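Chains A and B supply the protein sequences, listed in that same order.
Heads up: the first sequence begins at 176 in this note's numbering, then just goes up one per residue.
Heads up: the second sequence begins at 176 in this note's numbering, then just goes up one per residue.
Protein chains: 2
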Amino acid sequence: MNQHQLMKKLSIKTDSKIVFLVMDGLGDIPHPKYDYMTPLEKSNHPNLDKIAEDGVCGFTIPILPGITPGSGPAHLSLFGYDPLQIEIGRGLLDTLGIDFDFSSLDMASRGNFATADSNGVIIDRRAGRISTDECIRLCEMLSKIKINGVEIFVKPVKEHRFSVIFRGQNLNDKLTDSDPQKEGLKPLKVQALDSASKSTADMVNLFFEKAEEVLKSEKKANMVLLRGFSKMIDIEKYQDLYKLNPLAIATYPMYRGLAKLVGMEVAKTGDTIESEFKTLEENFKNYDYFFMHIKKTDSYGEDGNFESKAKVIEEVDKCIPILMKLNPDVIVVTGDHSTPALMSGHSWHPVPTIIYSKICRKDLVKKFNETECLRGGLGNMSAQYLMPLGMANAGKLIKFGA
Amino acid sequence: MNQHQLMKKLSIKTDSKIVFLVMDGLGDIPHPKYDYMTPLEKSNHPNLDKIAEDGVCGFTIPILPGITPGSGPAHLSLFGYDPLQIEIGRGLLDTLGIDFDFSSLDMASRGNFATADSNGVIIDRRAGRISTDECIRLCEMLSKIKINGVEIFVKPVKEHRFSVIFRGQNLNDKLTDSDPQKEGLKPLKVQALDSASKSTADMVNLFFEKAEEVLKSEKKANMVLLRGFSKMIDIEKYQDLYKLNPLAIATYPMYRGLAKLVGMEVAKTGDTIESEFKTLEENFKNYDYFFMHIKKTDSYGEDGNFESKAKVIEEVDKCIPILMKLNPDVIVVTGDHSTPALMSGHSWHPVPTIIYSKICRKDLVKKFNETECLRGGLGNMSAQYLMPLGMANAGKLIKFGA
């Protein structure tokens, strides 16, 4: 029996409530410009420290030691799924964030509007970053394309970016991209990488021909480029796996999409961290699991902006009293991976983590940071264990065996 | 996807350089005669301590908790392969160290020259430990044996020890030994343990008959004993798996053989620890991965010689400045397993380990020993993760998923 099967067998419905507070890219490494401290070490966060003091701390490893994850696999792991078994294609991941009801027949891809010259050579892969309004108008035009045996949905994302979802029987996603990823080249014909994907490749290439015709009189966006063709994955939902009624609170589309993928409802929320906590407060009585996603720790990490990353942590800390007042049975504070400011990118470094409940076995950790977590009771463990531990601390798992 | 497939998918070629410094049998347990300290604790090694201080430390578990490994599986694990999936037979392991170009058709075995009386009863399993020169002469004689459908290579090892490699189609190695491991007995007929190995057993028994004929006028070495029949294993090489160009520096044949098995080139080097470091220096610019193997920590551990084991560690420490001057991007200091002097043998105890790079997340460990490593950032982890972590710290792994 694997972890997934164990969860399905042992999980029960109870009234207790679990909050996962995920600060994206939270983990960091010592920075020479900041006294060899990390943003968690350099910032002031008395409320998070109190949760750490009352909880059990340590580190989570998103995938395996040494493996730097993208957001997709990292979140699957946080949600208790095995990211080495379930692969979310790029097109699907990007498309998850748009307001769209996916079916199991869908194949998604990410699209760019581009500018081509009179010979069909790409001269601007982003079509001069057209406005989102322009993108909406163009997507409506492309939505009218008809191809036998397949439904086509063209959905704006932002500026020159959009998604195409093809819905039909027997679609297969082993396809090359049409986007050559370089200017000065013509777009590529999509090719099938296996025989089962051959007819899908033909269908997608037909879509390009029709799109070219539709866009031919556009000045900037006279071409589309598609990449990351990926079919909907078949994944067991939180409701069935954990018997949970989950709510996601996230400001960024991709994370809302990841949450939907595992069966979470997605709350309407504002753009600020405080509004996310307010949304938690408003919805607290109606759900029993909450995934709260804070994006900007990662964004500033990616920018190499140590100080702003530290400030986001302080901003989260100021909102913690809203969370504590709700008195959830279990609080998990973690990140999906590390994004060290010094590296300006995701990394493999284990992520500082707290599990708090009245029955967790608290350790000697008094503050929430990378150095203190070294003496935590969780040690270095797979992020996939956070859901079982969260469920256990919430009294939602029965005994295994007699 | 498993770790092996992940490494193959994510590894990229870069200019960065990784050094694995492996002190065989390094780990130890407190010794009552030496203030309940270990050789690492009792010895003076300021240079290793400095690497520990600047790196991230902890313990590696060679196979699984409680499992005492031989050198073969322990090294497979260090090299990032799963030793529970890949089994290296004893004959192959012993034969790996001789200067021989193995093919996938080969089946190896380890041989002893022995002395039999006129009834064919073994009276000396080691033929009076004949000289290596004698061994060479006898091996040349045996090399002339011809058997239909198989090529036979008889290669001297040392004193009474040699290797036989049978090369042919459809050889199978599920065979019993001919060596009864005791004097006063006749050698055993080799028997097939499965039906596929039946014809190979007949062939090997024919080889014995012919060897008896060849050696009949020898005074001491008038018989051969063979054991550990094992076929060449099929293992993906460092070049394909990690895109590395690896060099092995080792004084003992078996470790050179293990390194060859995973695709490493083997450097010519001297017998001393200093000569191994000099060899590293001379070859540093031409490779991007270096496996340095120090044997004597293990040898003295096996002898129960605590003080000499401690001295070997000090001797390694004196050479560390040669390594540091080369400024490798990643240094891993570890052992393949523990060989506690108090136990005079290999053990299962986790092995003190350092991973050093500019982007490792250093911990509070200031000295390199078993007690200090307890508070290291690596915790207790599988030795199989050293290669992924080494690769990650060297910037040789791309992100997994989007």
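Yeah, the Cβ is synthetic: ideal placement off N, Cα and C, and Gly gets one too.
Nothing here was measured: the structure is a model prediction, and the numbers come from that model.
- What residue 550 of chain A touches in chain B, judged by beta-carbon distance under 8 Å, is 550, going in chain order.
- Taking 7 Å as the threshold, the shortest C-beta distance from residue 577 of chain B to chain A falls below it.
- Cβ-Cβ separation between residue 246 of chain A and residue 538 of chain A: approximately 29 Å, too far for a contact (criterion under 8 Å).
- Annotation: residue 408 of chain B to residue 264 of chain B spans about 9 Å, alpha carbon to alpha carbon.
- No Cβ of chain B is located within less than 7 Å of the beta carbon of residue 506 of chain A.
- Burial of residue 270 of chain B is indicated by the presence of at least 16 other C-beta atoms within 10 angstroms of its C-beta.
- Under the DSSP definition of a beta bridge, residue 342 of chain B partners with B:281 and B:326.
- For residue 430 of chain A, the enclosing alpha helix (DSSP H) covers residues 428-436.
- Under the DSSP assignment, residue 464 of chain B falls in the beta strand (DSSP E) whose first and last residues are 464-469.
- Using a CB distance below 7 Å, the part of the stretch 541-567 of chain B facing chain A consists of 550, 552, 554, 556, 560, 563, 564, 566 and 567, ordered along the chain.
- Here the stretch 326-340 of chain B does not lie against the stretch 429-441 of chain B, with fewer than 3 beta-carbon pairs under 8 Å apart.
- Counted as a single uninterrupted DSSP element, the stretch harbouring residue 420 of chain A is not any beta strand (DSSP E), since DSSP gives it neither H nor E.
- Here residue 195 of chain A really is in contact with residue 466 of chain A; their C-beta atoms are around 5 Å apart, less than 8 Å.
- Residue 354 of chain A counts as buried, since no fewer than 16 other beta carbons sit within 10 angstroms of its beta carbon.
- For residue 322 of chain A against residue 381 of chain A, the beta-carbon gap comes to about 6 Å, under 8 Å, which counts as contact.
- Between residue 551 of chain A and residue 233 of chain A, the gap from beta carbon to beta carbon is short of 7 Å.
- Runs of the beta strand (DSSP E) lying entirely within the stretch 176-251 of chain A, each at least 3 residues long, are 193-198 and 231-236 in chain order.
- Residue 527 of chain A and residue 235 of chain B have their C-alpha atoms roughly 21 Å apart.
- Take residue 428 of chain A, set aside five residues on each side of it, and the residues of its chain with a beta-carbon closer than 8 Å to its own are 271, 272, 273 and 332, in chain order.
- Scanning its chain for C-beta atoms nearer than 6 Å, with the 5 sequence neighbours on each side dropped, one finds around residue 521 of chain B the residues 243, 512 and 514, in chain order.
- Under the Cβ distance rule, residue 484 of chain B does not count among the residues neighbouring chain A, no pair being separated by less than 7 Å.
- For the C-beta of residue 241 of chain A, the chain B residues within less than 7 Å are, from N- to C-terminus, 560, 563, 564, 566, 567 and 572.
- Excluding sequence positions up to five before and after residue 554 of chain B, its CB lies within less than 8 Å of the CB of 233 and 234, all in the same chain and listed in chain order.
- Interface residue (Cβ-Cβ distance to chain B less than 7 Å): residue 255 of chain A is not classified as such.
- By the criterion of at least three beta-carbon pairs nearer than 8 Å, the stretch 282-298 of chain B is in contact with the stretch 384-403 of chain B.
- By the neighbour-count definition (other C-beta atoms within 10 Å, threshold 16), residue 575 of chain A is an exposed residue.
- For the C-beta of residue 463 of chain B, not a single chain A residue is nearer than 9 Å; the gap to the nearest is close to 17 Å.
- Selection A:302, A:226, A:286 and A:228 evaluated against residue 405 of chain A yields A:286 as nearest (Cα-Cα).
- Here DSSP, grouped into helix, strand and coil, assigns residue 539 of chain B to coil.
- Under a criterion of Cβ atoms nearer than 7 Å, the residues of chain A adjacent to residue 176 of chain B are, in order, 259.
- Neighbours of residue 534 of chain B in chain A, taken as residues whose beta carbon is under 8 Å from its own, are 204, 515, 517, 518 and 522 in chain order.
- In the structure shown, residue 459 of chain A falls within a helical segment according to DSSP collapsed to helix, strand and coil.
- Comparing alpha carbon positions, the residue from A:227, A:352, A:215 and A:302 closest to residue 394 of chain A is A:302.
- Between residue 304 of chain A and chain B, the shortest Cβ-Cβ separation is not below 7 Å.
- Contact of residue 538 of chain B with chain A by beta-carbon distance below 7 Å involves 549.
- Bounds of any beta strand (DSSP E) do not take in residue 317 of chain B; it lies within the alpha helix (DSSP H) bounded by 307-317.
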